[in-house]
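Worksheet: one structure, shown below.
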Amino acid sequence: MTATPYPLERLYSDQDRDWVIDTIPAVVAWVPGTSKKLRNQPFRFPVVRSSGGEVHEGVLELSWDESALLVHDSQVFEKAKRYATRRTVVAEKLTEVAAVGLSLVAISAWMPGRRVISCNLFAAPDLLFDVTPNALRGVECAGRAAGGRRALSQLAAEKRPTLVANPNLAEVTLSLWSKSARFTLLEQVKA
Amino acid sequence: MSFDAYEQARASAGKLKVKARAKLAFDEPDETFEACVLLHEAARIERRAVRLIDAAVETKLTALAEACACLLMGLDPPGAIKVWGEIVQLRSATDSAADILGSLEARVEKARLHYGKKVAPLRFFSRAPQTAEDRHLALSAVESMLAEFPGIGSFWWARYWLLANSTPRRKAEAWRSIERARRLAPDDPYIEASAVLAGVDLLPAADAHALLRGARAVLQPERPLLCLTTALAELRLTEGSSKATQAEAHRRALYAARVGLAGAPPSPWFEELRATHNVLELLLADRVPTLDVLYQAGLADIALHAKPGEPVVDLLTQSVLEKMASAA
Numbered sequence: 004m005t006a007t008p009y010p011l012e013r014l015y016s017d018q019d020r021d022w023v024i025d026t027i028p029a030v031v032a033w034v035p036g037t038s039k040k041l042r043n044q045p046f047r048f049p050v051v052r053s054s055g056g057e058v059h060e061g062v063l064e065l066s067w068d069e070s071a072l073l074v075h076d077s078q079v080f081e082k083a084k085r086y087a088t089r090r091t092v093v094a095e096k097l098t099e100v101a102a103v104g105l106s107l108v109a110i111s112a113w114m115p116g117r118r119v120i121s122c123n124l125f126a127a128p129d130l131l132f133d134v135t136p137n138a139l140r141g142v143e144c145a146g147r148a149a150g151g152r153r154a155l156s157q158l159a160a161e162k163r164p165t166l167v168a169n170p171n172l173a174e175v176t177l178s179l180w181s182k183s184a185r186f187t188l189l190e191q192v193k194a
Numbered sequence: 228m229s230f231d232a233y234e235q236a237r238a239s240a241g242k243l244k245v246k247a248r249a250k251l252a253f254d255e256p257d258e259t260f261e262a263c264v265l266l267h268e269a270a271r272i273e274r275r276a277v278r279l280i281d282a283a284v285e286t287k288l289t290a291l292a293e294a295c296a297c298l299l300m301g302l303d304p305p306g307a308i309k310v311w312g313e314i315v316q317l318r319s320a321t322d323s324a325a326d327i328l329g330s331l332e333a334r335v336e337k338a339r340l341h342y343g344k345k346v347a348p349l350r351f352f353s354r355a356p357q358t359a360e361d362r363h364l365a366l367s368a369v370e371s372m373l374a375e376f377p378g379i380g381s382f383w384w385a386r387y388w389l390l391a392n393s394t395p396r397r398k399a400e401a402w403r404s405i406e407r408a409r410r411l412a413p414d415d416p417y418i419e420a421s422a423v424l425a426g427v428d429l430l431p432a433a434d435a436h437a438l439l440r441g442a443r444a445v446l447q448p449e450r451p452l453l454c455l456t457t458a459l460a461e462l463r464l465t466e467g468s469s470k471a472t473q474a475e476a477h478r479r480a481l482y483a484a485r486v487g488l489a490g491a492p493p494s495p496w497f498e499e500l501r502a503t504h505n506v507l508e509l510l511l512a513d514r515v516p517t518l519d520v521l522y523q524a525g526l527a528d529i530a531l532h533a534k535p536g537e538p539v540v541d542l543l544t545q546s547v548l549e550k551m552a553s554a555a
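Okay, here's the thing in structure tokens:
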């Protein structure tokens, strides 16, 4: 299995700063687990990537250099700490933001040259490379606090038919993330 | 028609949405409010963006759906429902409406019912509360709504009005509330106009002068209420100043009133503008305005409740504030 190392601070050069600065604190708060072992870097996400009938399995090795992140955002760890002390009932909101941040990582790591230019709250896809009406291109992302590969496969099965049938989409990739057990599913559902 | 401008607008709306989502995840009241402001702005941009291109019905519907979702997430169910009304008018024009709108209708309906249930007790306050006890009750009800729906500008406005008229007056909190209303709805003429008048009462003089300078710069006949409140604010701000300072302010106020009167009738503020105009002409002629000004302008109702010797400017200002409160 191929390992793909990705230092989180690299996002600042791979994507527009405005997308990155608001999502990194959520990634920093969401990814590490509670046990000492789970908090050790790099954070390993087994990844299954599929596109055009081809399937690749690998591992994303996510890490970050605290001082490098602080150069771009002096409050990054303070914000991450605030996320960590939030009420349990809003955990889902943090998961959503972290999934957006991790999807930016996936785009940067496996779709070289692709840059996010907009995002949707309601319509698919969540992150857009191309906003041409009726020919949208982008990534639909989601996260789950738990469930690993099984939960993500189920989620993909729920989302796939709607995305395939959507006449506005020219190209869309699913980017799904599970925290416990860590797992990532990247599936190009429309090309 | 420019695709580049459309792309830029969508990019800017997208960035606001990501920022807002990150703020909502903090689950802190101030961050939640900031997220609401960003989502309202994103909704306005989505709606403007689609006008920049020769958009098909499907694209227009998608933009409205996105704006509606922004307002739902921005904790403003009445705003979202207003946009939903436009969606309903448009959806029959395309066969793809169901695909585009997906689960939005169910989400809007859920929000509508929830909001309706929460707002029902406030219907008791069908007009601006007159007694201290009613204002206290109304304030408590408004604050309870704002705890759940901090994205509704009119509730921030109501909170301002109630605090500004409470005893003792909570000036800083009142100003903070009207500022919040303005940030959520910068295009709302009531909020814009009342903020000018509120500033004179609630802000230190230097800040109030700065606020008035900003208002003077955007006076137009199409904004009669802003013209009216600017004129009244000029009058109030220089009360007790030297004669020369007052005369200068009265001339500026007269100009504001004239701009407002130049607007296309019928304006619901025409009588008040006319009365203000006449008051200013008298003051500039060194004469004291009497209740006759109100009678001549068709505002006998205001004269009816006047106490002996009560200044006409105060009567007019109070009446304008109450009319705005009832409208809000």
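Chains as they are written, first to last, in this note's numbering: chain A, 4 to 194; chain B, 228 to 555. Even for Gly, the Cβ is constructed at its ideal location relative to N, Cα and C.
For the segment 312 to 333 of chain B, residues whose beta-carbon sits nearer than 8 Å to a beta-carbon of chain A comprise Ser323, Asp326, Ile327, Gly329, Leu331. With distances taken between CA atoms, arginine 275/B lies nearest to Phe230/B out of Ser319/B, Ile405/B, Gln523/B, Phe230/B.
By the beta-carbon neighbour count (other beta carbons within 10 angstroms, threshold 16), histidine 477/B is buried. Counting every other CB atom within 10 Å of its CB across the protein chains shown gives aspartate 68/A a total below 16, marking it as exposed.
When DSSP states are grouped into helix, strand and coil, phenylalanine 132/A belongs to the strand group.
Rounded to the nearest whole angstrom, the C-alpha separation of lysine 96/A and glycine 56/A is 33 Å. Counting only Cβ-Cβ distances below 8 Å, glutamate 99/A has contacts in chain B at Arg248, Ala252, in chain order. Comparing C-alpha distances from valine 79/A to each of Met300/B, Cys297/B, Ala249/B shows the shortest one belongs to Ala249/B.
With respect to glycine 301/B, leucine 266/B sits close: the two C-beta atoms are nearer than 7 Å. Within the segment 86 to 115 of chain A, the complete alpha helix (DSSP H) runs of at least 4 residues fall at 94 to 113.
DSSP places lysine 398/B within a helical segment (H, G or I) once states are collapsed to three. Uninterrupted beta strand (DSSP E) stretches at least 3 residues long and entirely within the segment 445 to 511 of chain B do not occur. Leaving aside the five residues that flank alanine 184/A on each side, the residues in its chain whose CB is nearer than 6 Å to its CB run, in chain order, Gly151. With the criterion set as a beta carbon lying under 7 Å from some beta carbon of chain A, the members of the segment 289 to 314 of chain B are Thr289, Ala292, Glu293, Ala296, Cys297, Met300, in sequence order. Straight-line spacing of the CA atoms in proline 348/B and arginine 362/B works out to 14 Å. At a cut-off of 4 residues, the continuous stretches assigned as alpha helix (DSSP H) that sit fully inside the segment 332 to 388 of chain B are 359 to 375.
The beta carbon of leucine 411/B is closer than 8 Å to those of Cys263, Val264, His267, Asp303, Gly378, Ile379, Gly380, Trp383 in its chain, skipping five residues each way along the sequence. Under the Cβ criterion of 7 Å, valine 264/B is not counted among the residues facing chain A. For tryptophan 180/A, the secondary structure class from DSSP, reduced to helix, strand or coil, is strand.
Of Gly241/B, Trp496/B, Thr286/B, the smallest CA-CA separation from leucine 459/B is found for Trp496/B. Around the CB of valine 515/B, fewer than 16 other CB atoms lie within 10 Å, so the residue is classed as exposed. Residue nearest to isoleucine 24/A within the set Glu12/A, Trp33/A, Val34/A is Glu12/A (criterion: CA-CA distance). Residue environment for proline 8/A: exposed (fewer than 16 other C-beta atoms within 10 angstroms of its C-beta). Counted as a single uninterrupted DSSP element, the alpha helix (DSSP H) harbouring valine 315/B occupies residues 304 to 318.
When CB distances to chain B are screened at a threshold of 7 Å, the residues of the segment 96 to 122 of chain A falling below it are Lys96, Leu97, Glu99, Val100, Val103, Ile120, Ser121, Cys122, in chain order. In the three-state scheme derived from DSSP, where H, G and I count as helix and E and B as strand, lysine 84/A is classed as helix. Pairing alanine 374/B with isoleucine 405/B gives a Cβ-Cβ distance that is not under 7 Å.
At a cut-off of 7 Å, the C-beta of arginine 237/B has a neighbouring C-beta in chain A. Judged by DSSP in its simplified three-state form, valine 167/A adopts helix.
In the three-state reduction of the DSSP assignment, glutamate 64/A falls in the strand class. By the Cβ neighbour-count rule, serine 421/B is buried, with 16 or more other Cβ atoms within 10 Å of its own.
Contacts with chain B at 7 Å (Cβ-Cβ) include alanine 126/A. Residue environment for asparagine 123/A: buried (at least 16 other C-beta atoms within 10 angstroms of its C-beta). By the rule that beta-carbons nearer than 7 Å mark a contact, lysine 345/B does not touch chain A. Against chain B, the beta carbon of asparagine 169/A has neighbours under 8 Å at Asp326, listed in chain order.
For leucine 331/B, the closest of Ala126/A, Leu105/A, Ala6/A, Gly104/A by C-alpha to C-alpha distance is Ala126/A.
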